[in-house]
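Residue numbers (the working numbering), protein chains in the order written: chain A, 1 to 112; chain B, 1 to 112.
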C-alpha cells in the first residue's frame with residue numbers, strides 16, 4: 001500500500017494566486033481529513049469527509065478555502081486567493097471507521 | 001474547545017537517558033492516540049489507548065493512560081538519536097465522529 005499520497009510536496013506561490021492541493025487516501029478508507037500545521041497553532045483540522053460527504057468544515061478559516069471529494073480516491077483543498085498567512089504545511093489523512101489513521105507526507109505551502 | 005496540553009514543549013537529552021512526556025486534558029477521553037512526526041513527514045501513529053489505567057509497551061516506549069482517562073504519559077527508556085521527533089497526542093471526538101484534536105506536541109532531540 002502506497003499510503004496517503006499528497007501532491008505537490010512543495011508549493012511556492014504569489015499572494016492572490018489560486019492554490020490547489022491534492023490527496024489520494026488509502027484504498028478502502030471511508031473518512032478523509034485535511035489538517036494544517038503551523039508552529040504557532042500546531043495541527044488544526046480544516047475539514048472532514050465521511051463517505052465523500054463533508055461532515056465538519058468548522059475549521060475552514062474563511063471563504064477563500066474550499067474542499068471537495070468527488071470520489072472515494074481523490075480530494076482537493078483549494079485556496080483562492082492565497083495570502084501570506086496561509087503559509088503552512090497541509091496534511092491529508094484517512095481512516096476506516098476511526099481505525100488506522102494514516103497521514104500523508106504533507107504539502108509545504110509558501111505564499112509570498 | 002477540549003484542549004490537549006502537552007509538556008514539556010521542548011526536550012533535549014543525551015543518548016541513553018530516560019524521559020517522560022505528558023498529555024493532559026480537563027475532560028475525559030474516549031480514546032487517546034500518540035504519534036511521532038519526523039521532519040518533513042506526516043505524523044505516524046504509535047499507539048491507541050482506550051481503557052483507564054491501560055499500559056502499552058512498544059519496544060523502549062511505554063504509554064500509560066490515566067485512571068480517570070484525562071491524561072496520558074509516554075516514557076522512553078535509553079533514548080536513541082532515532083527517537084528524535086515531535087511527539088503528538090490526540091483525542092478522538094467519540095462515537096461515529098472520527099475527527100482528531102491534537103496537542104501542540106513535545107519536540108524531542110536526542111543527541112549522540
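We put the beta carbon where it would ideally sit given N, CA and C, even for glycine.
These numbers come from a predicted model, not from an experiment.
Item                                                                                                                                   : Value
Contact list for the stretch 79-100 of chain A against chain B, Cβ threshold 8 Å                                                       : 91, 93, 95, 97, 98 and 100
C-alpha distance - residue 100 of chain B paired with residue 93 of chain B, whole-angstrom precision                                  : 6 Å
Contact residues within the stretch 74-92 of chain B, judged by C-beta distance below 9 Å to chain A                                   : 88, 90 and 92
Test: residue 42 of chain B CB closer than 8 Å to a CB of chain A                                                                      : yes
is_contact[residue 109 of chain A, chain B] using C-beta, thresh 8 Å                                                                   : no
Residues of its chain near residue 97 of chain A, where Cβ-Cβ distance is below 8 Å and the 5 sequence neighbours each way are ignored : 30 and 31
Within-8 Å CB hit, residue 106 of chain A to chain B                                                                                   : yes
Listed by chain order, chain A residues near residue 102 of chain B by CB distance under 7 Å                                           : 42 and 43
Nearest-angstrom Cβ-Cβ length linking residue 73 of chain B and residue 21 of chain B, presumed shorter than 8 Å                       : 7 Å
Chain A within 8 Å of residue 3 of chain B, Cβ atoms only                                                                              : no
Near-chain B residues of the stretch 18-49 of chain A (beta-carbon distance less than 7 Å), N- to C-terminal order                     : 31, 33, 42, 43, 45 and 48
Per DSSP, cross-strand counterpart(s) of residue 10 of chain A                                                                         : A:108
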